[in-house]
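Numbering (this note's numbering), first residue to last: 1 to 682.
The beta-carbon is built from N, C-alpha and C at its ideal position, and this holds for glycine as well.
Being a predicted model, the structure only gives us computed values, none of them experimental.
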Amino acid sequence: MSLSKTTKRYFQKASLFSLLFFSLQINTLAEEALLNLSLEELMNVKISHTATLTDTEKRKIPASLTRITSEDIENANARSLDELLRIYVPGVQSMIKNSGGDQLGIRGIISDRNNKFLILVNGRVMNEKTVWGGITERDLSILGDIQYVDVIRGPGSVTYGPGALAGVINIVTHTGKTFNGMDIQVKQGFIEEFNNLEIRLGHTFKDDSKLFAYYGIDNYSGADGDDAPHIFGHSFTSPQGESTAGKPFPKDFINDDRAYRNRVRHKAHIHYTIEDLQLHVRYTRGGKYSSYNRTSLSSSNESRAEKTSHGYQQLTLGADYKQEISDDFWFDYRFSFDMLDTEMEKGQNETSNYREDEYYARIMANWQPVENHKLAFGTDYSHDQFGKDSPGYPNIDPRIERLGNNPGQWSSDTLSLLAEHQWNINEQFTTFTGLRLDLNNYTSDLWSGRTALVYTPTAKDTVKLIYNHSVRKMDEAELRASEWAGTDTGESEQLDNYELRYERQHTNEVWFALSTFYVDYDVIAWTNSLKETRPLGNLEYGGLELEWIYQTDKFKVSLAHSYIQHLNFNSIEEGQVNNVTASDLGYGDDLANWYNHQTTMSAYYKLNEKWKITSSLTALWRLPGGHDLAEYNNDNGNQNNLPKHDSDFNRSWDESIHLNMGLEYKQTEQLTLRLDAYNMMG
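Given below as structure tokens:
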């Protein structure tokens, strides 16, 4: 839907991004039993396979876990999964850095690629493995298939495999057990223009088998240059015009957040359950244009500035089966196939397109030999095929960064052995010990481990002492390039995380938690001077996270604050410029791409049975490490791919505050209307 320029300017001055939400609900919706439990009851619910391999009470999970429920998703009315995470999860930040989409970080770890965390759907890793990492699912505004999202803050490769250095994002979809009936939702966005449609159906058949079917489609045009201008902190000359620090760039290109190739985006999910067998089919097509940067604008090729984008389509077929031998012993089987087609545009002559396929199998045994001991052990196997022809656009031979045109097809095999032991010593003490070995034909053996002690002195208090060792191997294209260069094994990243966490269910209405952690991280990264990925150095930092929730029948408010403090960075090569920190170069003592302090708040209030007010606030307070790196770059040469700023312009490193508000009116059981305003503080 288009608006007149006058109307757009009015809304722009008010700093509103508004959205109308319409929901038609037919028959009975979800079974909301969990949502009706008190916080204290929720703490004692056993959660299967969330941050652990053994069934565990929620309060005893040996990790810092944030669960975003379907009710939270409805209250936030977020325009993407990334926005949903920023609203609810402490210590999650994102930045626009290159054509691989917005880069997502957790607890201080962020990269030029999204390869430091894992994104899962129903426990299955969905990351792109060739180059870019976790790029799928995150940009879509259609979120109605999601029952909840579990976010593990901190490493998790001992449970989920290599790559889970910063954290794990596990999307759990609805099934026929959690959703009954049918509903239709329609949304329309103004200024940041988009519209979407979602249809959900849940049905139980006569044989007690259950079906959940979902289809969502969005058309995301984004915001034009008048409403979302691009402003740089450094003045420079480009073939497209003169850029002045602090002022909008004089030429508009692609609308901000516009969908890739300006095509509609899709998500379809079908889940069928019969007794202990679960089958699902999932398809997503998404992607978007990235904001152009100083490097692309400085290019003489105008199309490079106009075509900085990424797109994807992903098809997943999965089957899960639980075989119960007895009440104390059972097997979990999982088999799946995944096809991921990736497209990247960096101008007419810099298009990357390729397909990767994965065949995956998993067998896990769960055994409780005696009352106080639980064991889980098993194996994963994946066969990955890379460099395959893209099944769609741009209909040209494959091209992969680092490998060039027609790199040829190759495959990679990974065999994983994993186990976990949970020992309930008594009512107060529980220990967790986990170990994982990943054997890949392109790397040396990868070991992950975890040990944790959970202390529950009272029914209200929980103390967790956790140690994690996690790993990440290089991306598959880099490993292939290393093979061509005659290197037998690729480099791997290693991270040790020490964490102390305290949680208290103070009353039925009040819950709070405090975490403190220390990270020792051996970083590998792309080195421009050598044109290869290699060890960069050792990074040490610490952090604090504070969380507080107050909830009644009519009111809920969640408040969280996170703090990250750089402690030390030892570079492998003296004087080497990097995008992590400038501290070893003598400029400051902070991380270059992380706001030290972050505050998040979300709340809703039910005025009556028909009206509800919702709100969320995210405050990123300052980015001193980014300013330090820019200062170094100003003083030491022209590094176009690293930040710069004019001495009289520091707004780039100041606070960034986002306030959203929503108003919901439930006219009948079948009709709900909703109006939301985004970024109200401009």
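query: Close Cβ partners of residue 15 (< 7 Å) along its chain, the five nearest in sequence each way excluded; result: Interpretation of residue 15 is limited by its pLDDT of 38, a score under 50 that renders its predicted location unreliable; no figure is taken from the coordinates.
query: Nonlocal neighbours in the same chain, by C-beta distance under 6 Å from residue 629, ignoring five residues either side; result: 582, 592 and 643
query: Stretch-stretch touch, CB-based, cutoff 8 Å, three pairs: the stretch 274-288 with the stretch 154-163; result: no
query: Residue burial classification, residue 594 (beta-carbon count within 10 angstroms, cutoff 16); result: buried
query: The stretch 392-408 contacting the stretch 420-428, beta-carbon criterion three pairs below 8 Å; result: no
query: Cβ contact (3+ pairs, closer than 8 Å) linking the stretch 133-152 and the stretch 262-277; result: yes
query: Sufficient close CB pairs (3 or more, under 8 Å) joining the stretch 600-611 to the stretch 544-562; result: yes
query: Between the CA atoms of residue 86 and residue 657 - distance to the nearest angstrom; result: 12 Å
query: N-terminal and C-terminal residue of the alpha helix (DSSP H) that residue 297 is part of; result: 294-298
query: Burial state of residue 76 (16 or more Cβ within 10 Å); result: buried
query: Counted within 10 angstroms of its Cβ, other Cβ atoms place residue 297 as buried (16 or more) or exposed; result: buried
query: Nearest neighbour of residue 111, chosen from 513, 135 and 122 [CA to CA]; result: 135
query: Euclidean distance between Cα positions of residue 213 and residue 503; result: 37 Å
query: Meets three-Cβ-pair contact criterion under 8 Å: the stretch 500-519 and the stretch 543-559; result: yes
query: Segments of 4+ residues assigned as alpha helix (DSSP H) that fall wholly inside the stretch 606-666; result: 624-635
query: Residue 221 versus residue 243 - alpha carbon distance; result: 25 Å
query: Delimiting residues of the beta strand (DSSP E) encompassing residue 352; result: 351-370
query: Proximity to residue 316 [Cα-Cα], best of 325, 667, 127 and 520; result: 127
query: Neighbourhood of residue 411 by C-beta, 8 Å cutoff - its chain only, sequence neighbours within 5 removed; result: 383, 384, 385 and 386
query: Extent of the continuous beta strand (DSSP E) to which residue 484 belongs; result: That residue, residue 484, is in no beta strand (DSSP E); its alpha helix (DSSP H) goes 476-484.
query: Host beta strand (DSSP E) of residue 453 (start-end); result: 446-455
query: Stretch pair the stretch 251-264 + the stretch 658-670: three plus CB contacts closer than 8 Å; result: no
query: Whole-angstrom distance between residue 434 and residue 365, CA atom to CA atom; result: 14 Å
query: For residue 141, three-class secondary structure by DSSP; result: coil
query: Coarse secondary structure for residue 668, derived from DSSP in three states; result: strand
query: Selection from 371, 468, 415 and 89 that minimises the alpha carbon distance to residue 327; result: 371
query: Outcome for residue 590 when other beta-carbon atoms lying within 10 angstroms are tallied against a minimum of 16; result: buried
query: Whole-angstrom distance between residue 453 and residue 506, CA atom to CA atom; result: 22 Å
query: For residue 152, the first and last residue of its enclosing beta strand (DSSP E); result: 146-153
query: Opening and closing residue of the alpha helix (DSSP H) in which residue 75 lies; result: 70-76
query: Three-state secondary structure (DSSP) of residue 389; result: coil
query: Residue 684 - DSSP class collapsed to helix/strand/coil; result: Beyond the ends of the chain as shown, which are 1 and 682, falls residue 684; an answer cannot be given.
query: 8 Å Cβ cutoff met for residue 652 and residue 625; result: no
query: For residue 414, the nearest candidate out of 437, 669 and 332 (CA to CA); result: 437
query: Residue from 451, 450 and 378 whose Cα sits closest to the Cα of residue 417; result: 378
query: Closest by C-alpha distance to residue 138, when choosing among 107, 78, 250 and 51; result: 78
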